[in-house]
Amino acid sequence: MITNFEQPLFFFETLMFLSVIFMHLSKKSSSVIYLYAAQSLFVTILLLSSFIKDLSFALLLVVVVIFGIKVVIAPYFFLGLIKRHQLKFSSSSYLNGPTALIVLAIITAITYSHLFKPLAVLSPDNENALLLAIAMMFISIFLMINRKGVLSQMIGILSLENGIVSFAFFAGLEQSPVLELGILFDILVWIIIASVFASMIYKQFGSLDVTAMKHLKEE
Amino acid sequence: MTLLIFITIPLIASIVSLLIKKKTQILNFIAIAASAVELIATAKIILSVAEQGSYSLNGLFSVDYLGAILIMVVSFVGFLASWYSVGYLKTEVAKEIIGFRRVRQYFVLLHLFLLAMFFAIITTNPILMWVAIEATTLSTAFLISFYNKPSAMEAAWKYLIINSVGLLLAFFGTLLFLSPELNFGHHGLIDWHSILLNAKNFDPFVIKIAFIFILIGYGTKVGFVPMHTWRPDAYSKAPIPVVALLSGSLLNVAFLAILRFKSITDLSVGKEFSQNLLISFGIVSIMVAAFSIFSQKNYKRLLAYSSIEHAGIMALGFGFGGAGVFAAILHMIYHSLAKSLLFLSAGNIFLKYSSTKIYNVRGLISALPVTSVIFVIGFLAITGVPPFGIFLTEFSILSAGVSAHPAITIIALSGLVLVFVGFLKQIASMVFGIKDENISKGEAGIWTTAPIIIIAVILIAASFYIPSFVKILINGAVSIY
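Line by line, the protein sequences are chains C and V. Be aware that the first sequence starts at 0, since it is given in numbering that gives the first Met the number 0, and climbs by one per residue. Be aware that the second sequence starts at 0, since it is given in numbering that gives the first Met the number 0, and climbs by one per residue.
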């Protein structure tokens with residue numbers, strides 16, 4: 000990780016954190032997609048800064064793949080899905096806006112509590128960024144739980160993955176080929192899932208709202 | 000080189016199956032031949048490991064004692080599930096439920112599923128193990144949605160979402176475990192051995208947090224409560240042979256991942272931390288499953304809750320430690336045999352009654368005499384009735400915990416009694432009673448009957464006699480885990 004640019008890089012982490020907060024507040028499906036694209040772009044910038052420092056070509060490959068898939072292809076695919084199935088609005092969530100915000104505040108407070116603070120030992124200089132990345136991970140999981148749309152659940156998983164990558168970056172683990180392998184495989188898996196399952200679900204239920212899935216309740 | 004068989008054979012079988020056009024017999028032959036080759040290779044591996052302690056290839060792949068036990072379980076259940084699939088799918092094709100393309104898709108995914116499980120066991124790298132377990136999610140998701148019905152799609156989606164979150168948390172936990180090595184500039188493919196060597200230098204807090212993430216992450220795949228909710232839905236919708244593999248094999252593979260990290264955690268912070276966590280997840284899983292079994296209306300879901308219960312029992316065994324570890328590993332073997340027996344028998348019931356609802360199944364003993372007897376044997380075995388092996392393992396696990404954790408042991412014992420009563424109530428209503436006049440008498444055929452007879456014979460034999468090589472493997476595994 001580049002130590003000379005700690006402040007700008009922390010700024011990008013903050014933007015990533017804010018992007019997932021705004022995903023919760025967003026009323027439009029397309030806004031969630033754009034926020035995800037922006038979040039992925041910030042992850043790409045973090046990893047690019049690491050490449051500039053160490054000139055690791057494995058990392059460059061990851062940067063290119065992440066940019067290509069997460070910033071360009073995945074958002075394009077999701078926007079196509081919205082257009083095809085006319086999913087303009089997807090505000091439905093289990094908790095209303097203010098309640099969701101309170102939950103987000105509690106999650107962030109827990110992350111900054113003594114429960115997770117000792118994790119800063121991995122990179123004491125980046126304590127705030129590390130804890131913010133963990134908060135982002137938990138808030139992404141909450142996005143999946145709170146939102147009723149299949150699309151939001153997919154974005155929640157991908158956002159969780161961005162949180163893990165940013166954590167790895169601030170912990171100084173981003174140069175590891177094993178991390179890169181894991182990220183690339185996860186992206187591959189979710190591209191397959193998103194491209195196949197979203198259409199299959201729409202075909203079966205005529206909607207991408209998970210509340211339409213009631214067939215298992217009878218059992 | 001034998002280890003490469005576990006990667007190349009299922010991969011080739013999957014690719015060749017994909018290229019087959021119109022000939023179901025060739026797909027059947029490939030499935031049985033591939034799984035038979037894997038089974039033969041397994042024999043060589045387990046004998047080598049029993050003699051030498053491990054079997055390695057280039058440092059990239061290695062099988063230790065527990066790995067050998069799991070390869071044995073996966074290849075055996077894989078072989079019988081492949082064999083059973085031939086008869087099961089043939090009947091479904093005859094009923095025009097599925098066509099050739101579906102059969103081909105099934106076998107392609109089945110081979111990939113087996114490949115991923117074998118890879119997870121033999122790889123020496125924790126991230127590659129994670130990749131392999133993630134790959135099982137992908138292949139099985141398409142198998143769960145195999146029948147392309149809304150309920151199957153719903154179950155597959157639930158499975159995907161819950162397991163994906165779980166596995167991402169496991170990935171995060173793995174990164175934390177690898178962080179000391181990575182921070183020391185070790186940027187190659189880090190193996191289990193090098194992590195174990197440095198375990199004592201890890202920051203205790205980081206390791207504790209990492210193990211919690213690992214336990215929740217891979218515990219989702221194992222099916223511990225409260226991460227178990229995908230399991231009954233997925234089991235009730237997937238084709239029966241796949242469910243036999245999910246319960247008899249994948250559960251153990253995910254457990255292996257937890258145990259590998261447990262051994263590192265134990266070296267770093269002592270055994271108490273991981274043991275307490277395993278005991279907590281174990282007892283909650285047993286009790287929730289015990290109460291859920293009573294209210295089930297679907298026999299596949301009933302068996303799913305039984306898998307959750309047994310995951311809990313294994314967790315208790317590893318949590319109690321001492322003799323409990325030996326019993327827990329032996330329990331893995333018995334559970335795989337008994338549960339694949341029960342699920343494949345349930346497949347015969349489904350083929351006969353065309354329903355998974357318990358109230359639709361009456362008079363099993365007259366409709367399916369062989370299957371019903373084997374189903375009852377499976378029920379007696381899985382609920383721990385003597386003289387079946389599970390009685391011995393459950394008794395040993397509870398004995399191991401009674402002095403240090405008497406309250407937990409008593410609660411677990413009451414849970415096991417509840418499970419027996421709940422199971423008995425459900426099974427009795429299926430086996431006895433008067434069958435519907437529309438239900439014909441007689442088994443579906445040798446393809447679906449022979450595999451369950453073989454498992455039943457082995458299960459009974461293994462309850463009275465444990466081969467010496469299995470004892471060596473279990474004792475070896477106990478010394479590590």
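Even glycine gets a Cβ: it sits at the ideal position worked out from N, Cα and C. Computed from a predicted structure; not experimentally measured.
In whole angstroms, what separates the C-alpha of residue i from that of residue j?
i: S267(V); j: A32(V); result: 45 Å
i: I1(C); j: N200(V); result: Note that I1(C) has pLDDT 47, beneath the 50 cutoff, so the model's placement of it is unreliable and the number below is only indicative. Between I1(C) and N200(V), the C-alpha separation is close to 26 Å.
i: I50(V); j: L412(V); result: The question names Ile, yet the displayed sequence has Glu at residue 50(V). Looking at the two C-alpha atoms, the distance is approximately 37 Å.
i: L220(C); j: A403(V); result: Only positions 0 to 218 of chain C appear in the structure, and residue 220(C) is not among them; the question remains open.
i: Q104(V); j: L17(V); result: 7 Å
i: S354(V); j: N162(V); result: 28 Å
i: I222(C); j: I154(C); result: Any answer about residue 222(C) is impossible in this case: the structure gives chain C only from 0 up to 218.
i: F50(C); j: V62(C); result: 8 Å
i: I239(V); j: V102(V); result: 14 Å
i: F204(V); j: I364(V); result: 57 Å
i: T370(V); j: A443(V); result: 10 Å
i: L181(V); j: S305(V); result: 41 Å
i: K52(C); j: S18(C); result: 27 Å
i: A12(V); j: I410(V); result: 47 Å
i: V259(C); j: F77(C); result: A question about residue 259(C) goes unanswered here, because the residues of chain C that appear run from 0 up to 218.
i: A327(V); j: H334(V); result: 10 Å
i: A93(V); j: K296(V); result: 28 Å
i: E271(V); j: D265(V); result: 8 Å
Indicate, with yes or no, if the ligand COA has a heavy atom lying under 7 Å from the CB of residue i.
i: F390(V); result: Ligands displayed in this structure: none; no statement on the ligand COA is therefore possible.
Take the Cβ of residue i as the centre, count every other Cβ of all protein chains shown within 10 Å, and call the residue buried at 16 or more, exposed below.
i: L114(V); result: buried
i: V456(V); result: exposed
i: N251(V); result: buried
i: H192(V); result: exposed
i: N95(C); result: exposed
i: Q425(V); result: buried
i: L125(V); result: First, the amino acid is wrong: residue 125(V) is Pro here, not Leu. By the neighbour-count rule (16 or more Cβ atoms within 10 Å), P125(V) is buried.
i: Q174(C); result: buried
i: M212(C); result: buried
i: Y75(C); result: exposed
i: Y358(V); result: exposed
i: F325(V); result: buried
i: R300(V); result: buried
i: T136(V); result: buried
i: L46(C); result: buried
i: M116(V); result: buried
i: V209(C); result: buried
i: N125(C); result: buried
i: M135(C); result: buried
i: I278(V); result: buried
i: I14(V); result: exposed
Can you name the residues that DSSP bridges to residue i?
i: F204(V); result: Partner(s): none; F204(V) has no beta bridge.
i: G148(C); result: D208(C)
i: T122(V); result: F60(V)
i: K356(V); result: N297(V)
Just curious, the alpha helix (DSSP H) that residue i is in, first and last residue?
i: S61(V); result: Run containing S61(V): none in the alpha helix (DSSP H); it sits in the beta strand (DSSP E), F60 to V62.
i: Y298(V); result: Y298 to F319
i: I352(V); result: Before going further, note that residue 352(V) is Tyr rather than Ile in the sequence given. A322 to Y352 is the span of the alpha helix (DSSP H), which, as asked, contains Y352(V).
i: S55(C); result: Note, S55(C): premise wrong, no alpha helix (DSSP H); not H, not E.
i: E50(V); result: T23 to Q51
i: N474(V); result: S467 to I479
i: Y75(C); result: A73 to H84
i: G377(V); result: P368 to I381
i: T1(V); result: T1 to L18
i: P97(C); result: G96 to T110
Would you kindly report the start and end of the unbroken beta strand (DSSP E) that includes residue i?
i: S55(V); result: Y54 to L56
Any contact between the segment 216–231 of chain V and the segment 283–290 of chain V? By contact I mean 3 or more CB pairs, one from each, below 8 Å.
Proximity of the segment 216–231 of chain V to the segment 283–290 of chain V meets the contact definition, three or more beta-carbon pairs being nearer than 8 Å.
Taking one C-beta from the segment 78–88 of chain V and one from the segment 447–467 of chain V each time, how about it: are there three or more such pairs within less than 8 Å?
Contact between the segment 78–88 of chain V and the segment 447–467 of chain V is present: 3 or more CB-CB pairs across the two stretches fall below 8 Å.
Across the segment 130–138 of chain V and the segment 182–198 of chain C, are there enough close Cβ pairs to call them in contact, namely three or more that are closer than 8 Å?
Counting Cβ pairs under 8 Å, three or more are found: they touch.
Please determine if the segment 334–343 of chain V and the segment 295–313 of chain V are in contact, where contact requires at least 3 C-beta pairs separated by less than 8 Å.
Enough Cβ pairs lie closer than 8 Å, so yes.
With three or more beta-carbon pairs closer than 8 Å as the criterion, would you say the segment 28–36 of chain C touches the segment 148–163 of chain C?
Yes: the two stretches touch, three or more of their Cβ pairs being nearer than 8 Å.
Could you check whether the segment 202–211 of chain V touches the segment 161–175 of chain V, counting it as contact only if at least three pairs of C-beta atoms, one from each stretch, sit closer than 8 Å?
Between the segment 202–211 of chain V and the segment 161–175 of chain V there are three or more inter-stretch CB-CB distances shorter than 8 Å, so the stretches are counted as touching.
At a cut of 8 Å, does the segment 370–385 of chain V reach the segment 466–479 of chain V through at least three beta carbon pairs?
The segment 370–385 of chain V, when compared against the segment 466–479 of chain V, does not touch it at the 8 Å Cβ threshold.
Could you tell me whether the segment 188–197 of chain C touches the segment 67–74 of chain V, using the rule of 3 or more Cβ pairs below 8 Å?
At 8 Å Cβ cutoff, the stretches do not touch.
For the pair the segment 135–144 of chain V and the segment 133–145 of chain C, tell me if three or more CB-CB distances fall below 8 Å.
The segment 135–144 of chain V vs the segment 133–145 of chain C: no contact.
Quick check: the segment 254–265 of chain V against the segment 148–164 of chain V, are there 3 or more CB pairs under 8 Å?
No: the two stretches stay apart, fewer than three of their Cβ pairs being nearer than 8 Å.
Using a Cβ-Cβ cut-off of less than 8 Å, give me the residues of the segment 179–190 of chain C that come near chain A, in sequence order.
Absent here is chain A; the protein component of the structure consists of chains C and V.
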